[in-house]
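Numbering (my numbering), first residue to last: 1049 to 1488.
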């Protein structure tokens, strides 16, 4: 019988296999079945296969179980050698003596202290531009020339009218003198009864008429002379000169352009005095009440150079400026700019000092809690040991503050230098009975 046949048991139809107990034995030895027909591998398995399945499951789970046990031992050892840290103590600040300066912050715009739009007072064509942007000029320097031909023609007409009127007045003066002599002659004749009284009266009437006409022509002469002076001025206005010392900051016209000076004065050149710069700071309405004339104001430009400029508040404009729903008041002050480091229309950040104090009690702003109706704030006095004893509650007090600089506030009363404060809003009782920090 072959090896393959020795491992099978054939059971004839209608018969039942005998129950056979198989003991563990090396897999290399086969178990001889009892005599009888062989059984096909596809038939039902006997009880000998159960121990093999148990050993297979153990081998599959043995390694994960060993790894889990090792990890549990390592974790337990770590917890024993590294106990959890105690909770961190709450942040604490101290009431200290310090200098404090309260400021109002505002954005600002730089403007020239003096800015003049130089216009044309007569109509005409721009003939020549004598300056360029950025050029410094002195008072009286020629800026723009207009075509003078029309003005010269008008002046010549006015001069001719004046000359003609002078000749007319001279003729009338001669007639008056002649009539005066005739009146005197008639009066002598009348005194000697050599002439009738009517002729003497006619001569006097003629003299009165000539004198009245002469006065009328003198008035006309004054009008013509005034017109002549105007024409002379108009000719001079074709040469537009600088009214002040300054810098050319705008030239809105070009050579060849015709300007009409009828109802409005066309601007030819804009001059600005940049040796002194005016800062226009927009202060919010909530802060403007603390700003006063004479307070120190400082600013730096957005260029990042770090230079600080300083001036004093000159005026607080009473009319507000609205931007959406926000209301601002313009606060003006000046700074020296002889080095020309500042330019018109620059944007700056302004700090206006509204108060200062030296070596006064101060506390951190974050130590302030709720504010009551009287304007006093709650603070919590830190008690040593409260970290280990939760039942040791901090002491709550009321303080009144003065100047503020954003990070700290001046203490007017309520706490003393050296006392420790919890750096949080006033603690409120939580639902479980403990005290914790609640930030509204």
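Each residue gets a CB set at the ideal place from its N, CA and C atoms; glycine is no exception. Model, not experiment: these values are computed from the prediction.
Buried or exposed: which applies to residue 1350, given that a residue is buried once 16 or more other Cβ atoms fall within 10 Å of its Cβ? It is exposed - the Cβ of residue 1350 has fewer than 16 other Cβ atoms within 10 Å.
Please state if the CB of residue 1300 and the CB of residue 1307 are separated by a distance shorter than 7 Å. In this structure, residue 1300 does not lie closer than 7 Å to residue 1307 by Cβ.
contact_flag[the stretch 1151-1160, the stretch 1263-1275] where n(CB pairs < 8 Å) is 3 or more: no
For residue 1456, does the count of other Cβ atoms within 10 angstroms reach 16, so buried, or fall short, so exposed? buried
Who are the near neighbours of residue 1203 in its chain, counting only those whose CB is closer than 7 Å to its CB and skipping five residues on each side? 1279, 1280, 1283
Minimum length 4: unbroken alpha helix (DSSP H) runs contained in the stretch 1347-1435: none
Backbone secondary structure at residue 1284 - three-state DSSP: helix
Based on the DSSP output, what are the partners of residue 1325 in its beta bridges? 1160, 1383
Excluding the 5 residues preceding and the 5 following residue 1468 in the sequence, name in chain order all residues of the same chain whose CB lies nearer than 6 Å to its CB. Excluding residues within five positions, the ones whose Cβ falls inside 6 Å are 1140, 1142, 1430.
Under the three-state DSSP convention, the category residue 1248 falls into: helix
Residue span of the alpha helix (DSSP H) that contains residue 1338, given as start and end: First-last for residue 1338: undefined, no H or E at that position.
Taking residue 1293 as part of the alpha helix (DSSP H), name the residues at either end of that continuous run. Looking at the DSSP string, residue 1293 is not in any alpha helix (DSSP H), and its letter there is neither H nor E.
Taking the CB atoms as reference points, tell me whether residue 1425 and residue 1416 lie closer together than 7 Å. yes
Give the secondary structure of residue 1046 by DSSP, where H, G and I count as helix, E and B as strand, and everything else as coil. The question about residue 1046 has no answer, for the chain in this structure spans 1049 to 1488.
Starting from the C-beta of residue 1205, find all residues in its chain whose C-beta is less than 8 Å away, skip the five residues before and the five after it, and write them out in chain order. Leaving aside the five residues that flank residue 1205 on each side, the residues in its chain whose CB is nearer than 8 Å to its CB run, in chain order, 1279.
Which term fits residue 1371, buried or exposed, when burial requires 16 or more other beta carbons within 10 angstroms of its beta carbon? exposed
Could you check whether residue 1442 and residue 1470 sit closer than 7 Å to each other, using their CB atoms as the reference points? Less than 7 Å separates the beta-carbon of residue 1470 from that of residue 1442.
Alpha helix (DSSP H) containing residue 1224: first to last residue? 1197-1239
With residue 1489 as the anchor, note down where its beta strand (DSSP E) starts and where it stops. Residue 1489 lies beyond the residue range present for the chain, which begins at 1049 and ends at 1488; the question has no answer from this structure.
Taking the alpha-carbon positions, what's the residue 1379 to residue 1363 distance? 6 Å
Assess contact between the stretch 1169-1178 and the stretch 1188-1195, defined as three or more Cβ pairs (one per stretch) separated by less than 8 Å. Is contact present? yes
Apart from the five residues just before and just after residue 1083, which ones in its own chain have a Cβ nearer than 8 Å to its Cβ? Residue confidence for residue 1083 is low, a pLDDT of 45 falling below 50, so the modelled location carries little weight; the figure read from the coordinates is stated next. There are no such residues.
Could you say which of 1317, 1275, 1304, 1165 lies nearest to residue 1180 if we only look at CA atoms? 1317
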